[in-house]
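For reference, the structure is listed below as structure tokens.
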Amino acid sequence: MVILFRNLLVFCLTLQLFEESSLFSKERTNDPFAHLAAIVKPSVVTISSVNRGGGPWGVGTGFVVDAEGVIATNFHVIGEHREFTVELADGTLCKPTEILAIDRSRDLALFRIDQSGLPTLTLGDSSKIEPGQAVLSVGNPLGYDLSVSQGVVAAIRELEFGDGRPMVQVAIPIEAGSSGSPVVDRNGEVLAMLTIKSGGAMGFGVPANALRSLMEEIRPIPIKRWLTVGMLDDDEWVLPLGGNWRQRAGIIKASGMGDGFGGRMICLAQQPNISPPFDLEVEVRLEDESGAAGLVFGSDGEQKHYGFYPTNGSLRLTCFNGPKVFDWNIIETIPSPDYLPGTWNRLKIRFDQGGQIRCSINEQEVIEAVDFTLKKGWVGLCKFREPAAEFRNFRISARLSSGSITPEIRELAYELSQTLVLEKSISPSEVQDLTKLDSSVYQALIDRAVEMEQASERLRQSAEKVRIARIIKELTDLLTSEKTESEEILLRSALLVSLMDNPDFQLKQYLDRVDRMATRIAQKIPKQISKRETLDILIDELFVQLGYHGSTLDFHHRSNSYLNEVIDDREGLPITLTLLLLELGKRIDLPITGLATPGHFLALYREPGQKLKDSVIIDAFSGRTISREYANTLTHSELSDKDFMPASETEIINRILRNLLRSADWDRDSSASLRYLDALVSINPNDRYHRTLRAMTHYGLGSFVEALIDINYLIDQDPQDPANAPLIEIKRRLMQSHERIR
Numbered sequence: 005m006v007i008l009f010r011n012l013l014v015f016c017l018t019l020q021l022f023e024e025s026s027l028f029s030k031e032r033t034n035d036p037f038a039h040l041a042a043i044v045k046p047s048v049v050t051i052s053s054v055n056r057g058g059g060p061w062g063v064g065t066g067f068v069v070d071a072e073g074v075i076a077t078n079f080h081v082i083g084e085h086r087e088f089t090v091e092l093a094d095g096t097l098c099k100p101t102e103i104l105a106i107d108r109s110r111d112l113a114l115f116r117i118d119q120s121g122l123p124t125l126t127l128g129d130s131s132k133i134e135p136g137q138a139v140l141s142v143g144n145p146l147g148y149d150l151s152v153s154q155g156v157v158a159a160i161r162e163l164e165f166g167d168g169r170p171m172v173q174v175a176i177p178i179e180a181g182s183s184g185s186p187v188v189d190r191n192g193e194v195l196a197m198l199t200i201k202s203g204g205a206m207g208f209g210v211p212a213n214a215l216r217s218l219m220e221e222i223r224p225i226p227i228k229r230w231l232t233v234g235m236l237d238d239d240e241w242v243l244p245l246g247g248n249w250r251q252r253a254g255i256i257k258a259s260g261m262g263d264g265f266g267g268r269m270i271c272l273a274q275q276p277n278i279s280p281p282f283d284l285e286v287e288v289r290l291e292d293e294s295g296a297a298g299l300v301f302g303s304d305g306e307q308k309h310y311g312f313y314p315t316n317g318s319l320r321l322t323c324f325n326g327p328k329v330f331d332w333n334i335i336e337t338i339p340s341p342d343y344l345p346g347t348w349n350r351l352k353i354r355f356d357q358g359g360q361i362r363c364s365i366n367e368q369e370v371i372e373a374v375d376f377t378l379k380k381g382w383v384g385l386c387k388f389r390e391p392a393a394e395f396r397n398f399r400i401s402a403r404l405s406s407g408s409i410t411p412e413i414r415e416l417a418y419e420l421s422q423t424l425v426l427e428k429s430i431s432p433s434e435v436q437d438l439t440k441l442d443s444s445v446y447q448a449l450i451d452r453a454v455e456m457e458q459a460s461e462r463l464r465q466s467a468e469k470v471r472i473a474r475i476i477k478e479l480t481d482l483l484t485s486e487k488t489e490s491e492e493i494l495l496r497s498a499l500l501v502s503l504m505d506n507p508d509f510q511l512k513q514y515l516d517r518v519d520r521m522a523t524r525i526a527q528k529i530p531k532q533i534s535k536r537e538t539l540d541i542l543i544d545e546l547f548v549q550l551g552y553h554g555s556t557l558d559f560h561h562r563s564n565s566y567l568n569e570v571i572d573d574r575e576g577l578p579i580t581l582t583l584l585l586l587e588l589g590k591r592i593d594l595p596i597t598g599l600a601t602p603g604h605f606l607a608l609y610r611e612p613g614q615k616l617k618d619s620v621i622i623d624a625f626s627g628r629t630i631s632r633e634y635a636n637t638l639t640h641s642e643l644s645d646k647d648f649m650p651a652s653e654t655e656i657i658n659r660i661l662r663n664l665l666r667s668a669d670w671d672r673d674s675s676a677s678l679r680y681l682d683a684l685v686s687i688n689p690n691d692r693y694h695r696t697l698r699a700m701t702h703y704g705l706g707s708f709v710e711a712l713i714d715i716n717y718l719i720d721q722d723p724q725d726p727a728n729a730p731l732i733e734i735k736r737r738l739m740q741s742h743e744r745i746r
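Each residue of the sequence shown is one higher than the last, beginning at 5 in the numbering used here.
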């Protein structure tokens, strides 16, 4: 009886719990916000973008506003001319196909993806929003996909009084990843798009009516034209088999899979039908030795070509006669001790008349072949399989020298590093001799290895100091020597500044690129038009057709001061974009000068004898002409006629170096700071400010000898200057420390 009663009690309790659970489930099912969230989620997407260097930038949110793949989000979520990907609510990965409209001032963007038939959200009338109104948002806060938040509208207000751009203030948790999230009412209509976090569970959204207005201003830009950062120059390369080819600071990176069998992808130089004899060379580094990447020659511009490349630790020469693996003919595969896995290797092909092919790795010939049918074709780069590969210093010539290092220089380098020279391996007899010693011999050899590693690192650092010193000397000579009109002083100087931090690019390549840009623009200038009309064509070609623009999201990134990267990415600072404008203007005979105006570098178009009031001010950062009043606004000052005097080449280079110095200080990169200070002091030896800053930087790093050199120079330059007191005190301390050490 007791057992029967106990079982009956358990049954009743279970029944009660089941009924309560059913009621709870029913209540959740009837929850209007849960139902609303289920309706909204399928229209919400996740957007992942990359930064200036191609690394992850962040994750944001967007939502579908048109079933034919139109997505709305914040402008800062997709990034300016950056790559980004889109993931639908069901996990489908999509690619953007075109940018439809941008409103930077309201932080809005519309773009289309390669999908159709998508569930959409309807835009509501944001003019009817009332404070206290309940709202819901779906986004990706802190990377948590499609999280739902409830809240209320707090107010409608202008962030800057009188700016005429009201924002919707909402009481909703806003974290990184929430940007671009739709804020919907109980009917599921979008009232706003989240964009700004103000602190705690409070933030601001752009009203839906602003987004509706943008949808009426569609001006499609193909995604290929939009993506400028890292894209290869069409005037230099052609990609017949697709794949992801990117360029940065002189290094070309190939990743992903191409359209050819096995993921084959090729990148051909825009020089068709190159006939022998010629030499072809590149340095290549594989992400993983299971990959393969190298040189292409004798290409028909499509599927047929020769390839010489490392693969799985060996070197291979292959003839590709078509798209299928059966069309491939592996001529030879050979292992080589001269190939260095995991680092840069120099591949070289010498193709002579008569079809003789000689392939080398790091100056050592490994494969020789003959093809009497091979006459001419395209040349370039290739990659196979999934692992990525990097290329640098691609060169083609009738004959390339075996090396630029003379015997005298090589001997000097060996003398400087003679304590590092060792045999490749220890002989068996030496091993036996060492085994007769006690066990400490092992530790002694390890200690010696550590010494060698440290010595090797010191030698690398010395080599880098020599490289930087040579660049600074060339830069100083260029800016301080006698100048002629024909010299490319400003352009070459700016590229030399870039070369200090970007050792992998070829300076001449960028001189040639600017010449080609100018030639292409000149071909679009009709005859019999005025120089003022020519200026308008130049501005349109550079900033509209070619897409050069100011960096609004990565303003302080050092890449904006490297002219080679500005040319590659079509993005920069006011001064670097102006510099490019000046160089192009000079090549098409336009009188454009740079203006070293405070805070924002500008350009001035002024014809000989023209009054200043009739000249044209150009803001290269926004890519347009501006009024003098607006120039005052940009520079936060009342500009005088003196501010419109042309800036010299030295002034412009000094300003670029100071920008880099400021960025290095923010990054706490002392070694970079010293490079820029060395250049500034070398160009301007009497610059007390930067010489003092260099002395203090050396002092902070413990480089006391270098610090004393600058301190003595400053004191000797003006011994009676009261400002020398701190320097004299530092010198006294350094001398005392030196005496104690002795």
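Note that the Cβ used here is the ideal one computed from N, Cα and C, for glycine as well.
| message | Can you give me the C-alpha to C-alpha distance between Leu463 and Phe208, rounded to a whole angstrom? | response | Taking C-alpha positions only, Leu463 is separated from Phe208 by approximately 55 Å.
| Glu306 beta carbon less than 8 Å from that of Ile493 | No, they are not a contact pair.
| request: Evaluate the contact criterion for the stretch 123-135 versus the stretch 225-239: three or more CB pairs, one atom per stretch, below 8 Å. | output: In short, these stretches do not touch, since the Cβ pair count stays below three.
| Could you check where the beta strand (DSSP E) with Ala258 kicks off and where it finishes? | From DSSP, the beta strand (DSSP E) with Ala258 extends over 255-259.
| When we look at the beta-carbon of Asp94 and count the other beta-carbons within 10 Å, is it buried (16 or more) or exposed? | When all chains shown are included, Asp94 counts as exposed.
| message | For Pro276 and Ser401, what's the separation of their Cα atoms in angstroms? | response | Rounded to the nearest angstrom, the two C-alpha atoms are 14 Å apart.
| With Leu500 and Ile475 assumed to form a contact (beta carbons below 8 Å), what rounded beta-carbon distance in angstroms separates them? | About 6 Å; that satisfies the 8 Å criterion.
| request: Starting from the N-terminal side, write out each stretch of the alpha helix (DSSP H) that is 4 residues or longer and does not extend beyond the stretch 56-116. | output: DSSP runs (the alpha helix (DSSP H)) wholly in the stretch 56-116: 79-82.
| task | List in chain order: all unbroken alpha helix (DSSP H) runs of 4+ residues lying wholly within the stretch 620-703. | result | DSSP runs (the alpha helix (DSSP H)) wholly in the stretch 620-703: 632-639, 653-671, 674-687.
| What runs of the beta strand (DSSP E), each 3 residues or longer, lie entirely inside the stretch 124-173? | You should have 138-143, 151-162.
| field | Segments of 3+ residues assigned as beta strand (DSSP E) that fall wholly inside the stretch 308-377 | value | With a minimum length of 3 residues, the continuous beta strand (DSSP E) runs that stay inside the stretch 308-377 are 309-315, 318-324, 332-339, 349-355, 360-365, 368-374.
| task | Return the first residue and the last residue of the beta strand (DSSP E) that Arg524 is part of. | result | For Arg524, there is no enclosing beta strand (DSSP E); the enclosing alpha helix (DSSP H) covers residues 511-526.
| task | To the nearest angstrom, report how far apart Ala138 and Gly184 are at their CA atoms. | result | So the two alpha carbons sit approximately 19 Å from each other.
| field | Nearest residue (CA-CA) to Gln2, options Gln465, Met700, Arg692, Met739 | value | Not covered by the structure: residue 2. The range shown for the chain is 5 to 746.
| query | What's the gap between the Cα of Ser109 and the Cα of Thr322? | reply | Approximately 54 Å between the Cα atoms of the pair.
| field | Unbroken stretches of the beta strand (DSSP E), 3 residues or longer, contained in the stretch 258-297 | value | The stretch 258-297 contains these whole beta strand (DSSP E) runs: 269-273, 282-290.
| Can the beta-carbon of Val300 be found less than 8 Å from the beta-carbon of Leu319? | With respect to Leu319, Val300 sits apart: the two C-beta atoms are not nearer than 8 Å.
| Using CA coordinates, which residue listed in Asp593, Ile713, Arg471, Ser497 is at the minimum distance from Leu482? | When the alpha-carbon of Leu482 is set against those of Asp593, Ile713, Arg471, Ser497, the nearest one is in Ser497.
| request: With Gln721 as the anchor, note down where its alpha helix (DSSP H) starts and where it stops. | output: Where Gln721 is concerned, the enclosing alpha helix (DSSP H) stretches over 708-721.
| Val370 versus Phe509: straight-line alpha-carbon distance, rounded | Those two C-alpha atoms are separated by around 28 Å.
| Counted within 10 angstroms of its Cβ, other Cβ atoms place Arg161 as buried (16 or more) or exposed | Within a 10 Å sphere around the beta-carbon of Arg161 sit fewer than 16 other beta-carbons, which makes this residue exposed.
| Applying the criterion that 16 or more other CB atoms from any shown protein chain within 10 Å of the CB defines a buried residue, is Gln3 buried or exposed? | Outside the shown range of the chain, which is 5 to 746, sits residue 3, and nothing can be said about it.
| query | Which residues mark the beginning and the end of the beta strand (DSSP E) in which Asn248 is found? | reply | Start and end: 248-252.
| Is it right to say Leu616 is buried, meaning 16 or more other beta carbons lie within 10 angstroms of its own, or is it exposed? | By the 10 Å Cβ count, Leu616 comes out exposed.
| For Asp356, is the classification buried or exposed, using 16 other Cβ atoms within 10 angstroms of its Cβ as the cut-off for buried? | Sixteen is the threshold: since fewer than 16 other Cβ atoms of the shown chains lie within 10 Å of the Cβ of Asp356, the residue is exposed.
| field | Among Leu503, Thr538, Glu91, Val548, nearest to Asp118 - alpha-carbon criterion | value | Of the listed residues, the one whose Cα sits closest to Asp118 is Glu91.
| For Val570, the three-state DSSP class (helix, strand or coil) | In the structure shown, Val570 adopts helical secondary structure according to DSSP, grouped into three states.
| task | Measure from the alpha carbon of Gly706 to the alpha carbon of each residue in Ser675, Thr582, Asn716, Pro281, then state which is nearest. | result | Ranking Ser675, Thr582, Asn716, Pro281 by Cα distance to Gly706 puts Ser675 first.
| Residue burial classification, Arg524 (beta-carbon count within 10 angstroms, cutoff 16) | With fewer than 16 other Cβ atoms inside 10 Å of its own Cβ, Arg524 counts as exposed.
| task | Kindly indicate which three-state DSSP category Leu560 falls into: helix, strand or coil? | result | Looking at the sequence itself, residue 560 is His, so the reference to Leu does not match. Coil.
| Own chain residues within Cβ distance below 8 Å of Glu372, not counting five before or after | The residues are Gln360, Ile361, Arg362, Cys363.
| task | Could you round the C-beta distance between Glu587 and Leu495 to whole angstroms and report it? I think they count as a contact, below 8 Å. | result | That belief holds up - the Cβ atoms of Glu587 and Leu495 are roughly 5 Å apart, short of 8 Å.
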